[in-house]
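**Student:** Can you read through this structure? Questions will come right after.
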Amino acid sequence: MDTDDFDIALVASALTLAEERGWARVSVVDAARHAGLSLSLARQRFPLQLSILLRLGRMADDVALSDDMAGGSVRERLFDLLMRRLDVFQQYRNGLRAVLRALPFNPAQAVLLGGATLESMRWMADAAGVEATGPAGVVRVGALVGVWTHALRAWEKDENPDMGSTMAALDQALDQAGRFGLFPASAEAAEDGTTGLPDLVQTESVQADTSFDDTTSTTGEWS
Numbered sequence: 001m002d003t004d005d006f007d008i009a010l011v012a013s014a015l016t017l018a019e020e021r022g023w024a025r026v027s028v029v030d031a032a033r034h035a036g037l038s039l040s041l042a043r044q045r046f047p048l049q050l051s052i053l054l055r056l057g058r059m060a061d062d063v064a065l066s067d068d069m070a071g072g073s074v075r076e077r078l079f080d081l082l083m084r085r086l087d088v089f090q091q092y093r094n095g096l097r098a099v100l101r102a103l104p105f106n107p108a109q110a111v112l113l114g115g116a117t118l119e120s121m122r123w124m125a126d127a128a129g130v131e132a133t134g135p136a137g138v139v140r141v142g143a144l145v146g147v148w149t150h151a152l153r154a155w156e157k158d159e160n161p162d163m164g165s166t167m168a169a170l171d172q173a174l175d176q177a178g179r180f181g182l183f184p185a186s187a188e189a190a191e192d193g194t195t196g197l198p199d200l201v202q203t204e205s206v207q208a209d210t211s212f213d214d215t216t217s218t219t220g221e222w223s
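UniProt numbering applies: residue 1 is where the sequence shown begins, and numbers increase by one.
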């Protein structure tokens, strides 16, 4: 078993246990023993309970970024990238719902996961062709966190395997972002002929209104 397979097995085991007993009662040792994995390697790979969720986030990023996505508009790319992340989460749905219920009671973990989410969204923005550098880029990445969190909340409640409600919520959030012109294409994407979401207003004018139902905060949601 290589390290990637080891990580996937431990993450899956941990989230199965989270579904059964709640996230607060899951440890790395529990997950390793439940999956019949080496405790010494688990200690090396997952020094903290938080490491399990951070690894899952990287797994979701890897899947999202596996296709270079050379075609399509910025909006289409963003939709596809975020839905790919949710497709990974869907594999661990019940366990992740247990995690989301537990996070409000573990603010330190929620803050650290929020930082990881911010970095993931910066990668998604870059991959989609969004200009994500400089002060305006900080605003755009923060807005993309809001889009993601809006979709994640819809996913948490979406009982349909096809995730229709989740896709509708993501569409809605991207439409709202488009109205504020938060995701113009980067110069590189523009050279490729890829257009961004409509830049209807100056970025500076929307810094006070980049939330989607107050979901841009990274301290109360993990994604």
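The beta-carbon is built from N, C-alpha and C at its ideal position, and this holds for glycine as well.
Starting from ASP62, follow the alpha helix (DSSP H) in both directions and report where the run begins and ends.
**Tutor:** It spans 49-64 - the alpha helix (DSSP H) in which ASP62 sits, taken as one unbroken run.
**Student:** Nearest-angstrom Cα distance between PHE105 and LEU118?
**Tutor:** The straight-line gap from Cα to Cα measures roughly 21 angstroms.
**Student:** To the nearest angstrom, report how far apart GLU159 and ALA168 are at their CA atoms.
**Tutor:** Roughly 14 angstroms separates the two Cα atoms.
**Student:** Just to check my reading of the structure: LEU81 and ALA128 have Cβ atoms closer than 8 angstroms, yes? What is that Cβ distance to the nearest angstrom?
**Tutor:** Contact flag correct, Cβ pair sits at about 6 angstroms.
**Student:** Less than 7 angstroms between the beta carbons of ARG77 and MET69, yes or no?
**Tutor:** Their beta carbons are under 7 angstroms apart, which means ARG77 touches MET69 by this criterion.
**Student:** Should LEU39 go down as buried or exposed, given a rule of 16 or more other Cβ atoms within 10 Å for buried?
**Tutor:** Exposed, since its Cβ has fewer than 16 Cβ neighbours within 10 Å.
**Student:** Skipping 5 residues on each side, what residues in its chain have a beta carbon closer than 8 angstroms to that of ALA35?
**Tutor:** ALA9, LEU10, ALA12, SER13.
**Student:** Under three-state DSSP, which class holds VAL130?
**Tutor:** VAL130: strand per DSSP, three-state reduction.
**Student:** Suppose you measure from the CA of LEU48 to the CA of ASP4; what does that come to, to the nearest Å?
**Tutor:** Each residue's alpha carbon lies about 18 angstroms from the other.
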